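Chains as they are written, first to last, in full-length UniProt numbering: chain A, 1 to 597; chain B, 1 to 131.
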Ligand SMILES: Cc1cc2nc3c(=O)[nH]c(=O)nc-3n(C[C@H](O)[C@H](O)[C@H](O)COP(=O)(O)O)c2cc1C
Ligand code: SF4
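Structure below.
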């Protein structure tokens, strides 16, 4: 068999498939066969190229030609011109928006690569259970440089200059936090890594610990050097067995090389790390609760100040940082503060890892520069909405965040813009919703989570959220009143203002933001007893279309409560007083006769 | 393991392991030494990456193909797990998604043996800090 010398890669991502990339592939194959080239040129379908706006995409190898917006009819031209005559098809080449020039080599157009990997730089590249691979990729060089060449305050200045802010949700400047902890005098200080990650749908911290545990260990040691701590603690939820296993292996290997322990790299700096397990309570991600949990006390937040940097674990100054925050430290030291500060927006530097989930085609972990727009994330990287449906909103910041509507698709994502838009960065969960999602149900879902996770210390959080939930439940049953809508807002405000910790202070955010952006849906539930998305069961009713019903009795035989009656071969009926709205009749009917109203 | 006692020691070790990795990749049989990385984070394992990895090791061994199979972390394409990266010396690495046993066999038969790409490639869509 002859070896293929050219490959034509056709994007088979969902977005491109919707614009006929299947037909395009078939046309290419046919045209190649017309010229007897089927054994020399191979046509392949690939995953998403991440440039869906300009799909379908075709890439030709080995010359790296990148064609955009290719229609099935263009197959002939591509084969006849490019493959046979070796001339690029000019009008299908990507036009650089900056200078209107056509770009013919995709090596020069890597701006279509919207992701930049800093925190995830080694995930998916190195074997996380082999320290040599980490060292081979510049591992521990940052720690070595700090110990040998810089004073602690110099490293702190570097981190400050880089503009790095905490990735655990709050966005507090990391260098400043280190500086504060450095200045407090104490016989013992601690470095704590927050790997609790309780945000539903978020898994970036887990992935970093699973894919690159040494980067966190190295950064914790650097932090220890800077603040004057000889002990580090990783607080990780016991639900993450693989991350724990890899972290343990990494700790052992680092100790064997003397990268943890006494007199690290010949200096007089000592540092060791222990693992502490969390039982998986969301509130234990809050730093004061986390510290109490590690001390063996109940995982309940306490009032700040004193901040952990003054009085934390065992009453000693403690610097708490998030996993992803730590993972950014070694590259900042290796490549410089200016390099890091050149990425991102004015007040949010570097990148952020997001866990893309929900009604999106390319569910996964992405790392993007701050300042990217939601549109680029959802359409170019995420490959658009599943099943070609309409985008409705995206929830960022999990149960503490809010939803962003299509009005915000072109807003650059950073800490401050998200706050201004009524949401927040949070830890980086990004849940995409489409036209089928009911916003009242979404608010209810997050509140249910909060209810379970509230530690119960403050009345507004413990009882107020319960009342909020009950009102939402009432609305989703179609029993809400206009007064309830006002109550929702008032109560939300009170809970925000009078709760002790971040959990209570942010728990009403999903309610407030859905009220702000989707009032019409609340009104539909309250005034018209309708759920526009068709999600709230109590507001649905199932009916059988007499015209379409053939009287096959399939629904009658499957209804679990015997709500359906009718003669064989005659139209059937649903008794609304018996119907429990399970939807089985709709699922079973082969004639499309069951309708939802 | 011996302890690393200074930054200079660390740099020396880095050069050593780098050339070891290179040696392993380029090796004595420059044409044949292939490196396959299997994405083995929670998402990958849940979708069967372990089975894929075991199968790859067994099948390559069985067929007498000299290749190194290693594990790595999440590549980020969770929607397409299990994912693997195939590097043939002198060629750009290629990432495949949804690699079950059948796909793994197809990759061995076509990509590794005939140097022919197969369906299911995931284009890399990110820059690394080296770029
Ligand atoms: C309810 C609640 C849950 C939190 N969960 C986490 C978490 O899972 N992981 C995390 O790193 N920070 C979490 N935080 C933020 C921490 O309190 C703290 O700000 C953070 O760990 C500081 O690290 P950073 O500056 O690197 O972001 C949570 C805060 C609150 C109020
Ligand atoms: S706000 Fe809620 S979670 Fe936070 S301390 Fe009060 S009761 Fe506990």
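Glycine is no exception: its CB is placed at the ideal position from the N, C-alpha and C atoms.
All values derive from a computational prediction rather than experimental measurement.
query: What in chain B is Cβ-close to residue 155 of chain A, meaning under 7 Å?; result: Going along chain B, no residue has its Cβ under 7 Å from residue 155 of chain A, so there is no contact; the nearest lies around 15 Å.
query: For residue 126 of chain B, which of helix, strand or coil comes out of DSSP?; result: strand
query: Within 10 angstroms of the Cβ of residue 513 of chain A, are there 16 or more other Cβ atoms? Answer buried if so, exposed if not.; result: buried
query: Given this structure, state the Cα-to-Cα distance separating residue 441 of chain A from residue 585 of chain A, to the nearest angstrom.; result: 24 Å
query: Starting from residue 174 of chain A and walking both ways along the alpha helix (DSSP H), at which residues does that stretch end?; result: 174 to 183
query: For a minimum of 4 consecutive residues, which ranges assigned as the alpha helix (DSSP H) are wholly contained in the segment 59 to 85 of chain A?; result: 74 to 77
query: At a CB distance below 9 Å, what residues from the segment 109 to 127 of chain B approach chain A? Give them in sequence order.; result: 114, 115, 116, 117, 118, 119, 120, 121, 122, 123, 124, 125, 126, 127
query: Less than 8 Å between CB atoms is the rule here; does residue 162 of chain A satisfy it with respect to chain B?; result: no
query: Go ahead and label residue 71 of chain B buried or exposed: buried means 16 or more other beta carbons lie within 10 angstroms of its beta carbon, across all protein chains shown.; result: buried
query: Report buried or exposed for residue 2 of chain A, applying the criterion of at least 16 other Cβ atoms within 10 angstroms of its Cβ.; result: Unreliable positioning characterises residue 2 of chain A in this predicted model, as indicated by a pLDDT of 48, which lies under 50. The coordinate reading is nonetheless provided below. The residue in question, residue 2 of chain A, is exposed, as its Cβ has fewer than 16 Cβ neighbours within 10 Å.
query: Return yes when at least one heavy atom of ligand 2 lies under 7 Å from the C-beta of residue 179 of chain A, else no.; result: no
query: Please confirm if the segment 437 to 456 of chain A is in contact with the segment 494 to 511 of chain A, defined as three or more CB-CB distances below 8 Å between the two stretches.; result: yes
query: Please confirm whether residue 276 of chain A and residue 243 of chain A have their CB atoms less than 8 Å apart.; result: no
query: In terms of alpha-carbon separation, which member of A/405, A/215, A/362 lies closest to residue 322 of chain A?; result: A/215
query: Please confirm whether any heavy atom of ligand 1 lies closer than 7 Å to the CB of residue 85 of chain B.; result: no
query: Quick check: the Cα distance between residue 23 of chain A and residue 251 of chain A, rounded to an integer number of angstroms?; result: 53 Å
query: Just to confirm, are residue 50 of chain B and residue 135 of chain A a CB contact at a threshold of 8 Å?; result: no
query: By how many angstroms is the C-alpha of residue 143 of chain A removed from the C-alpha of residue 4 of chain A?; result: 48 Å
query: If you drop the 5 nearest sequence neighbours on each side, which residues of the same chain put their C-beta closer than 8 Å to that of residue 548 of chain A?; result: 591, 592, 593
query: Using 7 Å as the cut-off, classify the Cβ of residue 218 of chain A as near or not near the heavy atoms of ligand 1, replying yes or no.; result: no
query: Between which residues of its own chain and residue 460 of chain A is the CB-CB distance below 7 Å, once the five residues before and five after are set aside?; result: 494, 495, 498, 499, 504
query: According to the Cβ coordinates, are residue 199 of chain A and residue 398 of chain A closer than 8 Å?; result: yes
query: Contact defined as beta carbons within less than 8 Å: I believe residue 10 of chain B pairs with residue 265 of chain A. What is the distance between those atoms, to the nearest angstrom?; result: 7 Å
query: Are any of the Cβ atoms in chain B nearer than 8 Å to that of residue 597 of chain A?; result: no
query: Given a limit of 7 Å on CB to CB distance, which residues of the segment 79 to 101 of chain B reach chain A?; result: 79, 80, 97
query: Is residue 307 of chain A a contact residue of ligand 1, with contact defined as CB to any heavy atom under 7 Å?; result: no
query: So, is the C-beta of residue 70 of chain B closer than 8 Å to a C-beta in chain A?; result: yes
query: So residue 6 of chain B contacts chain A; which residues on that side make the cut at Cβ distance below 7 Å?; result: 265, 266
query: For the alpha helix (DSSP H) holding residue 36 of chain B, just list the boundary residues, first then last.; result: Run containing residue 36 of chain B: none in the alpha helix (DSSP H); it sits in the beta strand (DSSP E), 34 to 39.
query: Around ligand 3, which residues pass a check of Cβ closer than 5 Å to any of its heavy atoms?; result: Among the ligands modelled here, namely ligand 1 and ligand 2, ligand 3 does not occur.
query: Run through the segment 503 to 567 of chain A for me and flag every whole alpha helix (DSSP H) of 4 or more residues, listed as ranges in chain order.; result: 509 to 517, 519 to 527, 554 to 558
query: Helix, strand or coil: which one does DSSP assign to residue 99 of chain B?; result: coil
query: Taking the beta carbon of residue 192 of chain A as the centre, do at least 16 other beta carbons fall within 10 Å, making it buried, or is it exposed?; result: buried
query: Applying the 10 Å Cβ sphere with the 16-neighbour rule, what's the burial state of residue 600 of chain A?; result: Since the first residue shown for chain A is 1 and the last is 597, residue 600 of chain A is missing from the structure and cannot be characterised.
query: In the structure shown, what three-state DSSP assignment does residue 498 of chain A receive?; result: helix
query: Kindly indicate which residue of A/158, A/82, A/8, A/167 has the alpha-carbon position closest to the one of residue 428 of chain A.; result: A/167
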